[in-house]
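Read the structure below first, then the notes.
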Amino acid sequence: MNYLKLLVFDCDGVLFDSKLANINFYNYILKKLGRSPLTPEEIEFIHMHSVDECLQYLLRNHPEKLELAKKIQKETPYQLFLKYMTLEDGLIDFLNWARKYFYLAICTNRTTSTFPLLKHFNLKNYFDFVMTASIVPKNNPLALLTILKHFKVEKEATLYIGDSKVDKDLCEKCKVKMVSFKNPNLLADFYIKDYKELKKLIEENFQFYPLKKNKLY
Numbered sequence: 001m002n003y004l005k006l007l008v009f010d011c012d013g014v015l016f017d018s019k020l021a022n023i024n025f026y027n028y029i030l031k032k033l034g035r036s037p038l039t040p041e042e043i044e045f046i047h048m049h050s051v052d053e054c055l056q057y058l059l060r061n062h063p064e065k066l067e068l069a070k071k072i073q074k075e076t077p078y079q080l081f082l083k084y085m086t087l088e089d090g091l092i093d094f095l096n097w098a099r100k101y102f103y104l105a106i107c108t109n110r111t112t113s114t115f116p117l118l119k120h121f122n123l124k125n126y127f128d129f130v131m132t133a134s135i136v137p138k139n140n141p142l143a144l145l146t147i148l149k150h151f152k153v154e155k156e157a158t159l160y161i162g163d164s165k166v167d168k169d170l171c172e173k174c175k176v177k178m179v180s181f182k183n184p185n186l187l188a189d190f191y192i193k194d195y196k197e198l199k200k201l202i203e204e205n206f207q208f209y210p211l212k213k214n215k216l217y
C-alpha cells in the first residue's frame, strides 16, 4: 500500500455543486452584452475553465466585446450567485475526518471568487493551501507542483480529487493519482460517487497516520 499524506481537491463539481451558479453568473454577463444565453456546449466549458478562458470562449465571435465583458465580470460580485450553490453531501464529515491525517489543499480555476466562497460556506479553515487561477491556472502543471513543493510531499503520497478533463490532464502531467468524482467517463485511477466512498477508498488502498500540522497560510 502507498503512504498517503496530501489530498488536493478541485472546487467546482467536487466541493460544491456550482453548475447553476456558474450558469447564472455568465448569463448575467452575456445579457449585459446583449448576447444570447449559454448553449449546452458552453455550459460544459464554463464548468471546467478559468474566468478569462471562459470569457474568451464565450465571445469568440465578438472579440471586440471582450474588454467590456472583463470589466462587467470584475464589477459583478460573485456573492450574488452563492444562493445557487450547495455543498456536496458528506463533505463536512469527510473533512473533519481527513484533516486529522492529511494535508488538505484546493487547486481551482476560480480566481477572486475562491476565498469569498470558502468564507461563505465556513470552509477556509479546513484547507492548508489554496491555489487559484489568479496564481497559476490549472492548465499549467505548476499549479499542482507548487502545492506538492509547499508541503514537501512526493507525488506518490498525493491524491487529487477532480471531475473534469482539465483535472485529468493536470494529474497526468504531474504523475499524481486521480480520483474521479461523479464522472465515470473520465480516465482516472479511482472512481467515487460521494465522500463516503472516498473515505472507504482511502482506508482500503492507502496507509496513513495521524498528522501533526500547523496552519500554513
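Using the UniProt record's numbering, the letters of the sequence shown map in sequence onto residues 1 to 217.
From the three backbone atoms N, C-alpha and C, an ideal C-beta is built for every residue, glycine too.
Every value quoted in this text rests on a predicted model; they were computed, and no experiment measured them.
- Note that the stretch 83-91 touches the stretch 182-195; at least 3 beta-carbon pairs, one per stretch, sit closer than 8 Å.
- Its Cα nearest to that of Val8, the residue Ala143 stands out among Glu203, Pro210, Ala143.
- Gln73 is classed as buried because its beta carbon has at least 16 other beta carbons within 10 Å across all chains shown.
- When secondary structure is reduced to three states using DSSP, Thr146 falls in the helix class.
- For Ile106, the enclosing beta strand (DSSP E) begins and ends at 103-107.
- Contact fails between the stretch 133-140 and the stretch 33-41, because fewer than three Cβ pairs, one in each stretch, are under 8 Å apart.
- Excluding the 5 residues flanking it on each side, Ser18 has same chain C-beta neighbours closer than 6 Å at Asp12, Met85, in chain order.
- For Phe45, the closest C-alpha among the options Pro210, Leu186, Asn205, Val166 is that of Val166.
- In this structure, the straight-line span from the alpha carbon of Asn2 to that of Phe206 is close to 5 Å.
- Taking Ala157 as the centre and dropping the five residues before and after it, the same chain places the C-beta of Asn2, Tyr3, Leu4, Lys5, Leu6 closer than 8 Å to its C-beta, in chain order.
- CA-CA distance, Pro77 to Phe115, rounds to 12 Å.
- Annotation: Phe9 is outside any alpha helix (DSSP H); the continuous beta strand (DSSP E) that includes it extends over 6-9.
- Judged by DSSP secondary structure, Val153 falls outside any alpha helix (DSSP H); it is assigned neither H nor E.
- Annotated three-state conformation of Phe206 is strand, per DSSP.
- In this structure, the straight-line span from the alpha carbon of Leu104 to that of Pro210 is close to 13 Å.
- When secondary structure is reduced to three states using DSSP, Leu118 falls in the helix class.
- Secondary structure of Asn27 (DSSP, three-state): helix.
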